[in-house]
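Read through the structure below, which is laid out as structure tokens, and then see the notes.
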Amino acid sequence: MSTENPQSGERSGSSAAVPVLSLLPTVDAPAPERADAARNRRRILDAAARIVAEEGPDAVTMNQVAHASGIGVGTVYRRFGDVSQLLWALLDERERRFQEAYMSGPPPLGPGAPAAERLDAFLDALVDRVAAQRALLLAAHSAAPRARYHSGAYRVMHTHMALLIGQLRPGSDSTLLAHLALAPFSPDVMHHLTVEQELPADRLKAGVRELLALRS
């Protein structure tokens, strides 16, 4: 995935919407491709998606994806590097839809609501998103545990969270607080809570809100 810094169009203290396309290129947006390269990329991702749907994300290997897509394994490696990058790329389209919702969708998740309401809505939506994609996120995280923090998706979420926190707590270290607020959403933590501890989404959402309100 791209490790470029997000070109955030939101401003602290403002809930004005910005064009989504100014943010989305930070989420694994490659340079313009030749038509054949774009087709190969689509075939590889479609093949990986079929394997995930039929056998689960742990079954994804570069060789298996190459065979399923009919594209040489060398091309698959050159295009994506390794399994973790391929899995993060597979998550990209879903991540774009999530970004569109919190950057330009209707309030309270999107612009137009007070910062506190937007923050609550964002965290609730993040619980649902991680739960819905838990297996795929966990597989990508397990393959490369630190890749999440260098992805465009994380950087855009972090910027969004920091801006909301900055509006709620002017003068605070919103950059650090945003990292700490996003930490519980690491795929391995969410797997432990939702699968091993069998906690329902409503309890997780309430717990996140209570955690953020401990010293308010």
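The numbering used here numbers the first residue of the sequence shown as 795 and each following residue consecutively.
We put the CB at the ideal spot given by N, CA and C, even for glycine.
What does a CB cutoff of less than 7 Å around THR988 pick up in its chain, not counting 5 residues either side in sequence?
For THR988, where only same-chain residues beyond five positions count, the Cβ hits under 7 Å are ALA925 and ARG928.
If you count every other CB in all the chains shown that lies within 10 Å of the CB of PRO901, and 16 or more means buried, which is it?
So PRO901 ends up on the exposed side.
Using the beta-carbon count (16 or more within 10 Å), is GLN991 buried or exposed?
Exposed, since its Cβ has fewer than 16 Cβ neighbours within 10 Å.
Which of the three DSSP states is assigned to LEU818 in this structure?
Bear in mind that a pLDDT of 37 at LEU818, under 50, signals an unreliable position, so the number given afterwards is only what the model happens to contain. Assigned with DSSP and collapsed to three states, LEU818 falls in helix.
Inter-residue Cα distance where the pair is ALA810 and ASP886:
Residue placement at ALA810 is poorly supported in this model, since its pLDDT is 37, which falls under 50; the coordinates are not used for a value here.
So what does DSSP say about ARG828, is it helix, strand or coil?
Correct three-state label for ARG828: coil.
LEU962 versus ASP914: straight-line alpha-carbon distance, rounded
Roughly 12 Å separates the two Cα atoms.
Taking all protein chains shown into account, decide if TYR896 is buried (16 or more other Cβ within 10 angstroms of its Cβ) or exposed.
Its Cβ being crowded by 16 or more others within 10 Å, TYR896 is buried.
For the alpha helix (DSSP H) that GLN879 lies in, which residues bound it at each end?
Note, GLN879: alpha helix (DSSP H), 877-898.
Locate the alpha helix (DSSP H) running through HIS944, then write down its first and last residues.
Where HIS944 is concerned, the enclosing alpha helix (DSSP H) stretches over 941-944.
Grouping DSSP H, G and I as helix and E and B as strand, with all else coil, what is THR855?
Note: THR855 maps to coil in three-state DSSP.
Please report how far the alpha carbon of ALA972 lies from the alpha carbon of ARG949, in whole angstroms.
Rounded to whole angstroms, ALA972 to ARG949 spans 10 Å at the Cα level.
Do VAL854 and LEU880 have their beta-carbon atoms positioned less than 8 Å apart in this structure?
Taking 8 Å as the Cβ cut-off, LEU880 and VAL854 qualify as a contacting pair.
For LEU931, does the three-state DSSP call read helix, strand or coil?
Helix, per DSSP.
Closest Cα partner of HIS954 within the set VAL877, ARG835, PRO908 and PHE916:
Ranking the options by Cα distance to HIS954, first place goes to PHE916.
Contact set for ILE865: own chain, Cβ-Cβ below 7 Å, skip 5 residues either direction
Only ASN834, ARG837 and ILE838 meet the Cβ criterion.
Buried versus exposed call for ASP918 [16 or more other C-beta atoms within 10 Å across all chains shown]
With 16 or more other Cβ atoms within 10 Å, it is buried.
In chain order, what residues of the same chain have a beta carbon less than 7 Å from the beta carbon of VAL877, not counting five sequence neighbours either side?
Cβ within range, chain order: VAL854, THR855, MET856 and ALA937.
Beta-carbon within less than 7 Å of LEU993's beta-carbon, same chain only, minus the 5 sequence neighbours each way: which residues are those?
Result list for LEU993: LEU987, in chain order.
Looking only at its own chain, which residues have a Cβ that is under 8 Å from the Cβ of SER966, when we skip the five neighbours before and after it?
Cβ-Cβ distances below 8 Å link SER966 to ILE959 and GLY960 in the same chain, with the five nearest sequence neighbours on each side left out; the list follows chain order.
Three-way DSSP call (helix, strand, coil) for ALA842 in this model
Under the three-state reduction of DSSP output, ALA842 falls in the helix class.
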